[in-house]
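Peer 1: Here UniProt numbering is used: position 154 in the sequence shown is 154, and no number is missing along the way.
Ideal Cβ placement from N, Cα and C applies to all residues, glycine included.
Keep in mind that this is a model prediction, so the values were computed, not measured.
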Amino acid sequence: MESRLVGPVRIVGVGLLGTSVGLGLRNRGIETILADASPTNLSIAIDYGAGRAALPGDAPQLIVVCVPPDVTAEIVARELEAFPDAIVTDVASVKLAPLAELRERGADVSRYIGSHPMAGREKGGPLAGRADLFIGRPWVVAAHGGISYQKANAIDDLILDLGAVLVEMTPEDHDRGVALVSHVPQVISTILGRQLSNAANASLNLAGQGVRDMTRLAASDPDLWVQILGANAAPVREILVAYREDLDRFIDALAEPTAPGARRKLAEEMIGGNAGVARLPGKHGQDRTFASMIVMIDDTPGQLARLLHEIGEIGVNLEDLRLEHSPGAQIGLVEISVLPEVVSRLTEELAARGWRIAG
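1) Suppose only complete runs of 3+ residues qualify. What are the beta strand (DSSP E) ranges in the stretch 61–90, listed by chain order?
2) Please state whether DSSP places Leu321 in a helix, a strand or coil.
3) Does the separation of the CB atoms of His116 and Val88 fall below 8 Å?
4) Which word fits Gln61, buried or exposed, when buried means at least 16 other C-beta atoms lie within 10 angstroms of its C-beta?
5) Flag this pair as yes or no: are the beta carbons of Ala86 and Ile63 separated by less than 8 Å?
6) Which residue marks the beginning of the alpha helix (DSSP H) containing Trp139, and which one marks its end?
7) Evaluate contact between the stretch 73–84 and the stretch 23–34, counting only Cβ atoms and requiring at least three cross-stretch pairs below 8 Å.
8) Distance check for Ile297 and Ala154, CA to CA, integer angstroms please.
9) With a threshold of 16 other CB atoms inside 10 Å of the CB of Gly273, please say whether the residue is buried or exposed.
10) Taking only three categories from DSSP, how would you classify Leu102?
11) For Glu310 and Pro340, what's the separation of their Cα atoms in angstroms?
12) Reducing DSSP to helix, strand and coil, say where Val316 ends up.
13) Considering just the uninterrupted stretch of the alpha helix (DSSP H) at His183, what are its terminal residues?
14) What residues in its chain sit with their C-beta under 6 Å from that of Gly285, if we drop five residues either side in the sequence?
15) Is it the case that the stretch 153–168 contacts the stretch 124–140, given that we only count it when at least three CB pairs across the two stretches are under 8 Å?
16) Using CA coordinates, which residue listed in Ile44, Arg237 and Leu166 is at the minimum distance from Asp175?
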């Protein structure tokens, strides 16, 4: 497979993202050089096939810094100084703070441009690395006035070689965007998770997929998120203030739910939520609404695979899938999303094959 990058590419920090970058580039035949403060992580990433250890005389075309946000600018500055002919990028989840710090340090930002792949996994470290982690995922390039597009081409080539979708934004727009779609959801999930800490077991036993979806982010690494939230505090705080105002409207309406206009206020808030969610891009970025249906399956080997196979036999394309286990019963609830016009036919044909359709 022909690559756009020439290489070699030096990767500093071989956690999940760094190792995944190395694996993806190695699949393209690009020479990768690995460096990490942890000898153990470095050894694992090398054994895993993500690249080789650094050697004297290395002359990388591109350097990708994949370290925690609180040391990103420091490491980028060090790499810019050590390799004066290389272009440097980083993959930190905030872009304005590292750029500002680099300028304060007097670093050569004409060879630096920040970027951010919107990809990850629930696990970290080099063992979690995957060559296909970035395929189809947005990867932001946070352009600034101090670097030419010609020099930035290597970063574009990196993104395209890894199968990601290149998105150009300013550092300011990027940080506001991730505050809304990533950082604030983390805070809200954490707050909801805290409410579960002292809940009665009887209440927790009622938990379904909704609360599990809402609190999945609450299990995130506190050390990392203290750094991210601290680096992007202003836009996160601005959105949280607006969120508090929205929450206050619910609280006021629920204070006297039978008062005139109270239910209308609740309905208006819910409709506003419907409208916001409808704006999220769906499959392949399409702005299209899918219909959902729930199929009950026995919690035994092969049942889910058989269901998916038979949906394919019927000739229906599955747009999305979510699996929930029924508490206290050996039953799985498979919520599948399909085009609205095929729901009736799919329901009839699955029922004819013996599947139980919930609702």
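Peer 2: This is what the structure gives:
1) 62–65 and 87–90
2) Position 321 of the sequence shown, counting from 1, holds the residue named residue 321. If DSSP states are grouped into helix, strand and coil, Leu321 belongs with the strands.
3) One-based indexing of the sequence shown puts residue 116 at position 116. One-based indexing of the sequence shown puts residue 88 at position 88. Result no, Cβ atoms of His116 and Val88 do not sit closer than 8 Å.
4) For the purposes of this step, residue 61 is identified with residue 61 of the sequence shown, where counting begins at 1. It counts as buried.
5) The residue given as residue 86 occupies position 86 in the sequence shown. The residue given as residue 63 occupies position 63 in the sequence shown. Yes, Cβ-Cβ distance for Ala86 and Ile63 is below 8 Å.
6) Looking up residue 139 in the sequence shown gives position 139. Trp139 -> not in any alpha helix (DSSP H); beta strand (DSSP E) instead, spanning Pro138 to Ala142.
7) no
8) For the purposes of this step, residue 154 is identified with residue 154 of the sequence shown, where counting begins at 1. For the purposes of this step, residue 297 is identified with residue 297 of the sequence shown, where counting begins at 1. Ala154 and Ile297: Cα-Cα distance of roughly 49 Å.
9) Mapped onto the sequence shown, residue 273 falls at position 273. Looking at its Cβ environment, which holds fewer than 16 other Cβ atoms inside 10 Å, Gly273 is exposed.
10) Your numbering for residue 102 matches position 102 in the sequence shown. Helix, per DSSP.
11) Here residue 310 refers to the residue found at position 310 of the sequence shown. Here residue 340 refers to the residue found at position 340 of the sequence shown. Spanning the two alpha carbons is a distance of roughly 19 Å.
12) The residue labelled residue 316 in the question sits at position 316 within the sequence shown. Val316: coil per DSSP, three-state reduction.
13) For the purposes of this step, residue 183 is taken as residue 183 along the sequence shown, with counting starting at 1. It is not in any alpha helix (DSSP H) - His183 carries neither H nor E in the DSSP assignment.
14) Here residue 285 corresponds to residue number 285 of the sequence shown, with the count starting at 1. Unreliable placement is indicated for Gly285, whose pLDDT of 49 sits below 50; no coordinate value is reported for it.
15) yes
16) Here residue 175 is taken as the residue at index 175 of the sequence shown, counted from 1. The residue with the shortest Cα to Cα distance from Asp175 is Arg237.
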